[in-house]
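Chains as they are written, first to last, in my numbering: chain A, 1 to 128; chain B, 1001 to 1467.
Glycine included, each C-beta is placed from N, C-alpha and C at the ideal position.
In this text the structure is predicted, and so the values were computed from the model without any measurement.
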Amino acid sequence: MSYPEKYHYAKSHEWLALDGDTAIIGITDYAQGSLGDIVFVELPKVGAEIAAGATFGSVESVKAVSDLYAPIGGTVTEVNTALNDAPETINAAANDTWIIKLAVKDATLDGLLTAADYEKFVAEETGH
Amino acid sequence: MRYLPKSPADREAMLAEIGVPTIESLFETIPAEYRLTADLKIPRQHSESEILDRFRAFAGNVASGDAAELATRPAAKPYASFLGAGAYRHYRPVIIDSLVQRGEFLTSYTPYQPEIAQGTLQAMFEFQTMICELTGMEIANASMYDGSTGAAEAILMACRVTDRLGAVIARTVHPEYREVIATVTQHQEIPLSEVGYVPATGRVDLAALEAAITEETACVLIQSPNFFGTIEDVAAVAEIAHKKGALLIVSIAEAVSLGIVKAPVEADIVSLEAQSFGVAVGFGGPYCGVIACKEKFLRQMPGRLVGETKDMNSKRGFVLTLSTREQHIRREKATSNICTNQALVAMMVTIYMTVYGKQGLRELAEQNLAKAAYLRAALVGAGAKTQFDGTARFHEFVLHGTESAERLNEALLAKQIIGGLALAKWYPELGESATLWCATELTTKVQMDAAAGVVATCLEHELVGAK
């Protein structure tokens, strides 16, 4: 499991990278490992307004369907349509596979964790 | 026990192999005068329903016992029914009940650990395959509660697919289906609008339909054959719906119609009531709803879906697929909530479709059409009038007999005949005299002639009364 330092982490297991006013969002290595083989990613529409903490889609693995939560609010500017044909990319490289990009108005990152804190949080959650 | 008949070609080949010209020559060692030259005197073969009738008659004789006692009892003559309207009387082959009553099928609940029950999964897979072939769709689920809840689920599904909220429904869709849809959608804030029919044809009004579809309309719902028995122009409706980005849902209440009516291939979703396929008409249920659709809507489809796969030894096997979206995993976010052993009812339908087969279903549909045509002619001959003439229909039609449908039905009931369904409750514009009549392969000529006789008498009285 690896958690890049440059990312911010949500307790709902999404990572977020800020590039100016754009937030790039994916799911963490821990999340992909827990879900198992991902077979489908449900993406939002470009232009959709998403509030911080709201669901913006879902990932379906052979075990379960899990909602995706926005770590920050914004307007969807881009969705990773490559996931329609190759959702397993997330299993192969969760840290390098973004799911959506948001245009952010207010880039306050309240409640998000650093890589080290997220790793600690995961360890507590799983009891390891 | 298996019976493997040999074809004439097989016989020829076998005779050639042993060097004998004819089968008869195999018996030459028996002197000619001792050989049977005429056919055996055995009765001709009987169909399953003929055998049932025969044994019921035998049973009646046995049960009667004391002839004197029997004479004091009124004869138990069964009622003749001309009701249809979403619940159809069709012959149920006896094999259905003998197979579904096997413990493996009868007592198994909805499969939560499905892969250990390969037999159940295979039956469901075959159900889905046959439904796809019948409806012209690419995938089908197994199954929904009934045609009405299936239609409601199809509307919810269309809203998820299109990301729109709203449905335009033809008034020629079964009125009770429309009531169920209103109940299901009311708390989801899905606006519904209804579109009327053309008075001359009894088909949905296409101009009004086009006007009713907005940017927010997720889907158009029609029924074909519709509630009046008339066949809708599915292709025309599909074109109108698709032009405005809405999906077309076609509801089919009478599955037997698929034996002869063109499959609604232009639809995006087909919602079918499969009760006609081997499920008894019984106080409203259990029935068998099905949703079939284009494959691209797979992930938005509610209900169970069985998929074919290969096991670790590359042998053919079946899995319950996409169940991650069902209620036992996704709880309140599930795409459906299909409980109880609905799969058992789907099993009856599977057996029925297997027994009839493609050709059998076609012949069955033709018989239904022929019976309905005879009934219609008999009732018109008795002085009644039919409505929406000239439009293609299956085995139901709207009839105007006496001024009050209620009075006519009372007169029929006195003769142990259940007449057509009075329509004024849902379609007041058709008047108090309008009734919906249905004939199936089980309707007999004697019953139809008797009904026509009562109608003729009632109309004569009315005429005399008016003078």
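Min CB distance residue i to chain C below 9 Å
i	result
K1310 (chain B)	Protein chains A and B are contained in the structure displayed, whereas chain C is not.
Element boundaries [alpha helix (DSSP H), containing residue i]
i	result
R1304 (chain B)	Per DSSP, R1304 (chain B) belongs to no alpha helix (DSSP H) and is neither H nor E.
R1407 (chain B)	A1405 to A1414
R1362 (chain B)	Q1342 to G1381
R1160 (chain B)	G1147 to T1162
D117 (chain A)	A115 to T126
D85 (chain A)	A82 to D85
K1243 (chain B)	V1234 to K1243
A48 (chain A)	Premise fails: A48 (chain A) is in no alpha helix (DSSP H) and is neither H nor E.
A31 (chain A)	D29 to L35
I1213 (chain B)	I1213 (chain B) -> no alpha helix (DSSP H), and no H or E assigned at all.
D152 (chain A)	Beyond the ends of chain A as shown, which are 1 and 128, falls residue 152 (chain A); an answer cannot be given.
I1095 (chain B)	V1094 to V1100
Beta strand (DSSP E) segment containing residue i, residue limits
i	result
L1221 (chain B)	C1219 to Q1223
C1288 (chain B)	Note, C1288 (chain B): premise wrong, no beta strand (DSSP E); not H, not E.
Y69 (chain A)	V65 to Y69
T75 (chain A)	G74 to V79
H1400 (chain B)	E1396 to H1400
R1316 (chain B)	R1316 to T1321
A1009 (chain B)	It is not in any beta strand (DSSP E) - A1009 (chain B) instead sits in the alpha helix (DSSP H) that spans P1008 to I1018.
9 Å Cβ cutoff, residue i in contact with chain A
i	result
K1333 (chain B)	yes
R1299 (chain B)	yes
D1010 (chain B)	no
R1304 (chain B)	no
R1330 (chain B)	yes
D1449 (chain B)	no
D1146 (chain B)	no
D1268 (chain B)	no
D1389 (chain B)	no
D1205 (chain B)	no
Residue environment, residue i, which counts as buried when at least 16 other CB atoms sit within 10 Å
i	result
S1007 (chain B)	exposed
K101 (chain A)	buried
F1058 (chain B)	exposed
K1243 (chain B)	exposed
D1146 (chain B)	buried
F1283 (chain B)	exposed
K1385 (chain B)	exposed
I1023 (chain B)	exposed
K1445 (chain B)	exposed
F1055 (chain B)	exposed
Q1387 (chain B)	buried
T1120 (chain B)	buried
S1257 (chain B)	buried
M1001 (chain B)	Residue confidence is low: M1001 (chain B) scores 43 on pLDDT, short of 50, so the model does not pin down where it sits. Its coordinate-derived value is still stated next. That one is exposed.
N84 (chain A)	exposed
L16 (chain A)	buried
T1185 (chain B)	buried
Interface flag, residue i vs chain B, CB-CB below 9 Å
i	result
N67 (chain A)	Per the sequence shown, the amino acid found at residue 67 (chain A) is Asp instead of Asn. For D67 (chain A), the answer is yes, since a Cβ of chain B falls inside 9 Å of its Cβ.
F40 (chain A)	yes
E78 (chain A)	no
E60 (chain A)	yes
K101 (chain A)	no
E124 (chain A)	no
K120 (chain A)	no
K45 (chain A)	yes
Short Cβ contact (9 Å threshold) for residue i with residue j
i	j	result
L1421 (chain B)	G1202 (chain B)	no
T126 (chain A)	E5 (chain A)	no
N1141 (chain B)	A1267 (chain B)	no
E14 (chain A)	I27 (chain A)	yes
I38 (chain A)	S2 (chain A)	no
F1228 (chain B)	R1393 (chain B)	yes
S1143 (chain B)	A1343 (chain B)	yes
V1204 (chain B)	V1180 (chain B)	no
M1312 (chain B)	V1100 (chain B)	no
L1322 (chain B)	M1301 (chain B)	yes
A1263 (chain B)	L1156 (chain B)	no
P87 (chain A)	A10 (chain A)	no
G73 (chain A)	V104 (chain A)	yes
The ligand GDP heavy atom lying under 8 Å from the CB of residue i
i	result
R1092 (chain B)	With respect to the ligand GDP, the structure offers nothing, as it holds no ligand at all.
When you compare the stretch 1242-1256 of chain B with the stretch 1214-1225 of chain B, are there three or more beta-carbon pairs, one atom per stretch, that lie closer than 8 Å?
yes
At a cut of 8 Å, does the stretch 1369-1383 of chain B reach the stretch 1149-1161 of chain B through at least three beta carbon pairs?
no
Should the stretch 1177-1195 of chain B be called in touch with the stretch 1349-1362 of chain B, which here means at least 3 C-beta pairs below 8 Å?
no
Does the stretch 1456-1463 of chain B come within contact of the stretch 1404-1419 of chain B, defined as at least 3 CB pairs closer than 8 Å?
yes
Take every Cβ of the stretch 1294-1308 of chain B, pair it with every Cβ of the stretch 1164-1172 of chain B, and state whether three or more of those distances are shorter than 8 Å.
no
Taking 8 Å as the threshold, find out whether the stretch 1083-1097 of chain B comes into contact with the stretch 1263-1282 of chain B through three or more Cβ pairs.
yes
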